[in-house]
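Below is one structure, written out as structure tokens; comments come after it.
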Amino acid sequence: MKKFRKVLDGLTTSSPGVTLGSPSCGSAAGTPTAVPTPKDIDIQETLLSENFQLCKTVRHGFPYQPTALAFDPVQKILAIGSRSGGVRILGGPGVDCYCQHESGAAVLQLQFLINEGALVTACADDTLHLWNLRQRRPAVLHSLKFNRERITFCHLPFQSKWLYVGTERGNTHIVNIESFILSGYVIMWNKAIELSTKTHPGPVVHLSDSPKDEGKLLIGFESGTIVQWDLRVKKADFRIYYDEAIHSVSWHHEGKQFMCSHSDGSLTLWNLRNTSKPFQVTFPHGKIQKDGRKESCKPILKVEYKTLRSSEPFVIFSGGLSYDKAGRRPTLTIMHGKAITVLEMDYPIVEFMVLCETPYINEVQEPYAVVVLLEKDLIVVDLTQSNFPVFENPYPMDVHESPVTCTAYFADCPPDIIPILYSIGAKHKKTGYSQKEWPITGGTWTLGSHTYPEIIITGHADGSVKFWDASAITLQMLYKLKTSKVFEKPKLGEGRAAELVEEDPFAVQMVSWCPQSRIFCVVGISAHIILYRFSKNDANTQIVSLEVRLQCEPEEIITPSEHENNPCFSEPGSHSPQPHHQYPVSPGSRTPESAKDSVPCLKVKERVVRVPPGYQSDLVIQLLWVDGEPPQQITSLDINSAYGLLAFGNCNGLAVVDYLQKAVLLCMSTLDLYGATDPYQRLTRSPRRNRQSTSDFCMRGLSNFYSDSKKRIRTSYQSLTELTDNQQSVDMERSKSPTSGHASRRAMLQQFHGVTMYSHDEHHTTTSYCWSERESRENSFSRSRSSSVSSIDRDTKEAITTLQFGESYGRKSDALPTPCLWVGTSLGVVQLIPMSIPTDQEERMEEPVTIGPSGAVQMLKGSVLRFGFMDYMGTVIQSPYEVWRDLNAPEDPDRPRRRKLVNFSPSSSQDACGEGHLAVVCSERQAKVFLMPSQSCLFVHNITESSFVLRADVVSVCNSVCLACFCANGHVMTLSLPSLRPLMDVNYLPLTDMRIARTFCFTNGGQALYLSSPTEIQRITYSQEMCDNLQEMLGELFTPIETPEAQNRGFLKGFFGGNAQTFDREELFGEAAAGKASRSLAQHIPGQGGMEGMKVAAGGVVGELARARIALDERGQRLGELEDRTALMMTSAETFSKHAHELMLKCKDKKWYQF
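Using the working numbering, the first residue of the sequence shown is number 13, and each one after it goes up by one.
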């Protein structure tokens, strides 16, 4: 029976401070204990709800599923639209902005208002949006929703406020950019084509002004019809009917010729003097076959025709390859005179755009680069060099080079670690880039005052690990580590391990990094762990390998009493250091025959290898196959450089390795850890007939119910590596869930840890659900809570979910803290394992570490996720660590290389408060604070009942600490420490998928991140202080730049070359001349970026003053120009008056007949 806790005396309610009296509450066994505790623990909690606010900060990576591209040639900023309705705006270093349409509709087209600080987006829901870019966080000023027609193409002439909009019906509408209202002027498709034409010309695929005359609009229809429409007289100048469908049109700058790309892989050049037939027809990639016919070619999706003063024009196009060349990669073709260069791309081309020196379409274009937007990459080609090299991309567009499978986030790192990693990584950079600077340089960004060293680590499916500099909301790759180099390349037909040669056997599942000691650990999908040490020097080394049998045999478990007399932890001295393979005996190994199957999933290189400077492998640990069953995936890991120990666990048990002596100290099943203190009543088991059955359910992680054993090893990261997001299937599966919309905890944990686990708060049901293979691979948590696994199977599969080394009190009677290992399981059990570690350096390398469970057990609801430790002053106690030393550095006889340890003992900083510390334990549903060494519970808080916590961490915010939690239902919460008061609870994500769950992580400073898409990292903050300073940290997208003046065309060219008439669009399209458009045709929607919204988004008064200053500068410039013109007119008037007066004096005395 549970006993009610007594209310603690001394709790202050008038201030955030918390005073803890002498607590008296139930121990692990459920009986009150009276142990010596500090009489007065005074922790002033300074955090309030006002200190927290959740908002997105910045998004890194390549825009997922891009659809559109635009460039402002004056501001030199680039915009990329995506299928999910996102818009990324990129400029110079630090200028990187992400905007999202509320509708989530795909972006079809982007149009900059060149040098105006605005952007028009056309979306798949037939809505136009006007974005204001003159603020650090762009906002929508206006929206226009078309009700009866679908938008297919948009065109905005330079320095015009009238936007041409083509539709699927073939009509062309005109929108006023300032008011975002439709003009009554409409070019109907049946007026554009001849009346005798019997077929519909198809959707509008192209709109453009004639460079020769702004009053002539060229309209291209999909069927092959081209019409030049005279906007003044409202009739067609000419009509072209071509047999092949049109994909794009591009003008020569003089306005006398234009080029079209067609669906048959041809390019046609048309001259306005004779539009009856094309002036030239070419098939750039279509060769003449033996029978005299042309090869059939793929469509040329886009062509750009750009001129130069000094040489022949560029013709650049995508597509057009012949069909018979199977397997050819997507290409971009550059034709310059007679030279044809074909650039092969790694991914399909979404869009490309030629960057030119001038924004005026009637001037020589002088192209200097081509921006190519691919499905998974962004490249810029240098056109000024004959070999067309690409520019080195300064943006982190290769986050997804191999699919991201895990992330880690470290704020406030040691200041020297980033320069060191950068210097090592710079030696391995690719070469062959253009020598010129990256051409997209728009916007301004300054390093804010609220910056500190931050590092993001990403693990990938190919076994690579990337270190990124994330300081000051930027992202730059520092260093790349390839873990696959430790292993031999898997080959087919080599025994048991060959069954795993399928996909991504080196995929990274988990990482652990100590920035101070620079020890780095990687957990792989093939049940392997690699320990790395950092060195500035290269070395020749032989990789040391340990092989561990960590396999549970449930059929041998009869009663808990058997294990009380036969503990399975190692005796002191039972493991001597061995340089190579070890085979510790697993619990329940019955016969020596089981060793015949003891092979790891991968083979470590046995030869001496030369390793470059950087992270160098020091030890490889692999779990072995046992009795034909693959090893279970590793679910938890912790490493401590001061102790020289590494601990890891899975659903079978726990292992502790001494990586200094290369020895296994502990290898035992989870049940054996408890001994006589097992909190659960285990049932007697009968031997299984089929040894495979339990393993089936234990190995089925994400891809549940895969029958093939070689597929079981790669489960938990599959949903991360698939570059697909199927929202419909997610919603459909959510509706199927019997938990009324709440995500199923079991399926989440199966995917999250890669194993099948059981928690004691779940209901026991026998109903089984059959999932199809496709359903089991969806990124949804909404699985049934029931399972076909029997309750006995579930009881025996208790996974180790979290581990933490630290100085603590393993027993209630301990007077001083000792090295301990805190162990948390999927059944909510917390156990302390004290250790005895030699302190002298020589003894540490020779004497064995003694370790054994103490029997101290605590209970929480749900799987244990995180441990944290605080002293009685409320300060976080960090784990001890060893100061980094380069083991490969040359020996200095005067200064021998010794280990230097930094220890954060609980007793070192609180002599006045007595001995002891506070332990914070967070599980899926509950958080508790224990007083050590009495192990009494001071505070308890039930975090959630309807969902469960995915990630939790003790983090520092605003010079204090709190517990941050992320739940499966998308809520982000913070709790005060140690009182566990709720400080913030925000429903941040309406739907959480597997990718977000696996990659979400908190860090200090009130920051967090997750993988928002397979290619993008989203960083967020939950600190009010950082939200307030965010405007200062972001870059400015718009900078006041004077628009370049148009070139003087000369008297003769202007006189004979057209443009004699001035074209006033306002006179043609305004309401006075054209009338109002039908209200039912389109609906105007005021945007959120009105004055109030702009004030908030731009940072209040500061943003308003900045914009007012810009407006005043522009107004002053205009007033100055007006003043100059006025002075010129006055001078002219005075001259005229003088001449008139002289003429009058000359002629006043003359008679009329004298003239």
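Idealized CB from N, CA, C, for every residue including glycine.
Residue 871 beta carbon less than 8 Å from that of residue 932: Contact flag unset, no.
Nearest by alpha-carbon distance to residue 307: which of 328, 409, 336, 63 is it? Comparing Cα-Cα distances from residue 307 to each of 328, 409, 336, 63, the minimum goes to 336.
Residue 1135 to residue 996, Cα distance in whole Å? 58 Å
Just grab the DSSP bridge partners of residue 626 for me. 547
For the putative contact between residue 228 and residue 240, defined by C-beta atoms under 8 Å, what is the C-beta separation to the nearest angstrom? 5 Å
Threshold first: 4 residues or longer. Then list the alpha helix (DSSP H) segments lying entirely within the stretch 814 to 847, N to C. none
Kindly say whether residue 983, judged by its beta-carbon, lies nearer than 8 Å to any beta-carbon of chain D. The structure shown has no chain D; it contains just one protein chain.
Is DSSP giving residue 202 helix, strand or coil here? Of the three classes helix, strand and coil, the one that applies to residue 202 here is helix, per DSSP.
Within 8 Å, do at least three Cβ pairs link the stretch 355 to 368 to the stretch 410 to 417? no
For a minimum of 3 consecutive residues, which ranges assigned as the beta strand (DSSP E) are wholly contained in the stretch 955 to 998? List check, beta strand (DSSP E) in window: 961 to 969, 972 to 979, 983 to 988.
Among 844, 1091, 531, 1013, which one has its Cα closest to the Cα of residue 978? 1013
Our contact map puts residue 138 next to residue 162 with C-beta atoms below 8 Å; I'd like the distance itself, whole angstroms only. 5 Å
For residue 666 and residue 969, what's the separation of their Cα atoms in angstroms? 33 Å
Contact defined as beta carbons within less than 8 Å: I believe residue 941 pairs with residue 1002. What is the distance between those atoms, to the nearest angstrom? Not quite, the Cβ-Cβ distance comes to about 32 Å (not below 8 Å), so this is no contact.
How would you label residue 1138, buried or exposed, when you count the other beta carbons within 10 angstroms and need 16 or more for buried? exposed
Rounded distance between the beta-carbons of residue 879 and residue 12, thought under 8 Å: Missing from the structure shown is residue 12; the chain here goes from 13 to 1167 and no further.
Neighbourhood of residue 380 by C-beta distance below 8 Å, restricted to the same chain and skipping five residues each side: 367, 368, 369, 394, 395, 396, 451
Rounded to whole angstroms, what is the Cα-Cα separation between residue 1075 and residue 454? Rounded to the nearest angstrom, the gap between the Cα atoms of residue 1075 and residue 454 is 32 Å.
Check each candidate in 199, 188, 169 and name the one with the smallest Cα separation from residue 182. Measuring from the Cα of residue 182, the nearest candidate turns out to be 199.
With C-beta atoms as the reference, is residue 499 less than 8 Å away from residue 626? Contact: no.
Closest to residue 237 by C-alpha separation, out of 226, 244, 420, 251, would be which residue? 251
Other residues of its chain near residue 620: CB distance less than 6 Å, five sequence neighbours each side excluded: Answer for residue 620: 552, 554, listed in chain order.
CA nearest to the CA of residue 269, picked from 853, 318, 300: 318
Assuming residue 196 and residue 1089 make a contact with CB atoms under 8 Å, what is their CB distance in whole Å? About 5 Å; that satisfies the 8 Å criterion.
Grab me the residues of residue 913's own chain with a C-beta within less than 7 Å of its C-beta, minus the 5 sequence neighbours each way, in chain order. 654, 892, 894
DSSP has residue 167 in a bridge; who is on the other side? Its beta-bridge partners are 176.
Between which residues of its own chain and residue 965 is the CB-CB distance below 7 Å, once the five residues before and five after are set aside? 878, 976, 1014
Classify residue 1173 as helix, strand or coil using the three-state DSSP reduction. The displayed coordinates of the chain run from 13 to 1167. Any statement about residue 1173 would go beyond what the structure contains.
Neighbourhood of residue 69 by C-beta distance below 7 Å, restricted to the same chain and skipping five residues each side: Annotation for residue 69: 485, 1031, 1032, 1033, 1042 place their beta carbon closer than 7 Å to its own, counting only its chain and skipping 5 residues before and after.
Straight-line gap, residue 145 to residue 189 (C-alpha atoms, nearest Å): 15 Å
For residue 1045, which three-state DSSP category applies? Correct three-state label for residue 1045: helix.
Alpha carbon of residue 691 to alpha carbon of residue 61, nearest angstrom: 38 Å
Any idea if residue 472 is buried or exposed, counting beta-carbon neighbours within 10 angstroms, 16 or more meaning buried? buried
Could you spell out where the beta strand (DSSP E) holding residue 1025 opens and where it closes? 1019 to 1025
Can you tell which of 475, 819, 491 has the C-alpha that lies nearest to the C-alpha of residue 481? 491
Decide if residue 519 is buried, meaning its Cβ has at least 16 other Cβ atoms within 10 Å, or exposed. buried
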